[in-house]
């Protein structure tokens, strides 16, 4: 195991330190920030930390579908240390006999991970700095750099160009594709399918750090993340956990069911209860729970798969969500690659039956999903880890000036096309507004 020294510093203002840690990362070309915004699920695992900030790669892994999952196992065996990274949706092509040929303006690798030189962990009212044992940098000097980081450096230029958003699927085409998907459902090809569309902007200039600050302020999502690798950026406001592993125990928390929040308290409560009692949303949720149970059973110890919570309703800054929790004990001898191959892509972003749903997704959608509807997270030296579902995310390729925001929802026999279109707009709203806040010259979406 790679040896690290741990240096602890007291914190009196968590919000300020979190902001400074984020902006301190500007100087690095490899960055992963994970922030749960101090959200806790009742009765679940205690979070390993509130915020992790990993910077500068001492080792890295980049792979495309083929042997990517096994490559991750091999990298961890060669370097038993912290690894941070992302899994792209198109790793489906490694798990099943599938292809991806839709438009891809980003072209990220299907899998990218790095082991950091410096790792900051915010735990309660202290910050830990995990440094390699042979590191020559002075930890107190690094902490001084963080504490003196200017929250808005003088001369920092906000993006000068207006951003003009377009949608790969216009409303008319979306509704036509919706009808075709409904035909598949009526014929029994599938029971549920996640259908997505892409907002995109070309020749787009943003400041990813300022945009992420605006996203955080607006959403306070429990699986927020900021990723940078050279010119690749991911700004994520995900409310959804894909997988968490602690010892042999694994949990997955699929989300199916969304309702907007209201500033009027009685109306907000009415919307929450309507979501709780919605036959359509419950139907979507339980189908994905069954799929997740089936996926986990492929690598779980016998009789260890259980549903801890069904139809749980949780409220976030902008939406209410229906979330269920499935747990299992990983069978002895099973590795991270076994777990990922059995469960990826996650059921909430595919459908049921999963393989047929993914085939129809490829046919109906216009954009390659890439890292959208994949997962971002970490694996620690003991093999424990946590990954989100990459939704509610801006993905940016700075060298191409290409900015992407994909949104979607689950379709069942009870779905209404116009309502589903409106739900995609609801899900995009917070992120579009965050871009507007970080770039005053931003234009409205088309």
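In this note's numbering, the protein residues as written are 1210 to 1655. From the three backbone atoms N, C-alpha and C, an ideal C-beta is built for every residue, glycine too.
- Restricting attention to alpha helix (DSSP H) runs no shorter than 4 residues, the segment 1245-1292 encloses them at 1277-1287, ordered along the chain.
- Residue state for residue 1605 is assigned as strand, using DSSP reduced to three classes.
- Residue environment: residue 1541 is assigned as exposed (fewer than 16 neighbouring CB atoms within 10 Å of its CB, all protein chains considered).
- Taking every protein chain shown into account, the CB of residue 1210 has fewer than 16 other CB atoms within 10 angstroms, so this residue is exposed.
- From the listed residues 1250, 1243, 1499, the smallest Cα separation to residue 1447 is found for 1243.
- The DSSP-derived three-state label of residue 1567 is helix.
- Of the residues assessed, residue 1286 falls on the exposed side of the cut-off, its CB having fewer than 16 other CB atoms within 10 angstroms.
- The distance from the Cβ of residue 1297 to that of residue 1322 is about 12 Å, inconsistent with a contact at the 8 Å cut-off.
- For residue 1458, the uninterrupted beta strand (DSSP E) segment begins and ends at 1458-1462.
- Residue 1355 carries a helical assignment under DSSP once its states are collapsed to helix, strand and coil.
- Per the DSSP secondary-structure output, residue 1239 pairs in a beta bridge with 1438.
- Judged by their CB atoms, residue 1231 and residue 1432 are not nearer to each other than the 8 Å cut-off.
- Collapsing the DSSP output to three states places residue 1219 in a strand.
- With respect to residue 1576, residue 1311 sits close: the two C-beta atoms are nearer than 8 Å.
- Between the segment 1555-1573 and the segment 1267-1285, the count of Cβ pairs shorter than 8 Å is below three; the stretches do not touch.
- Here DSSP, grouped into helix, strand and coil, assigns residue 1524 to strand.
- Residue 1406 sits in a strand when the DSSP states are folded into three classes.
- Within the segment 1587-1647, the complete beta strand (DSSP E) segments of 3 residues or longer fall at 1594-1597, 1602-1606, 1611-1620, listed in chain order.
- For residue 1227 against residue 1330, the beta-carbon gap comes to about 12 Å, at or over 8 Å, which does not count as contact.
- At a Cβ-Cβ threshold of 8 Å, residue 1327 and residue 1453 do not count as neighbours.
- For residue 1584, the pairing in a beta bridge is given by DSSP as 1296.
- Within 10 angstroms of the beta-carbon of residue 1529 lie 16 or more other beta-carbons, which makes it buried.
- Between the alpha carbons of residue 1418 and residue 1638 lies a gap of roughly 19 Å.
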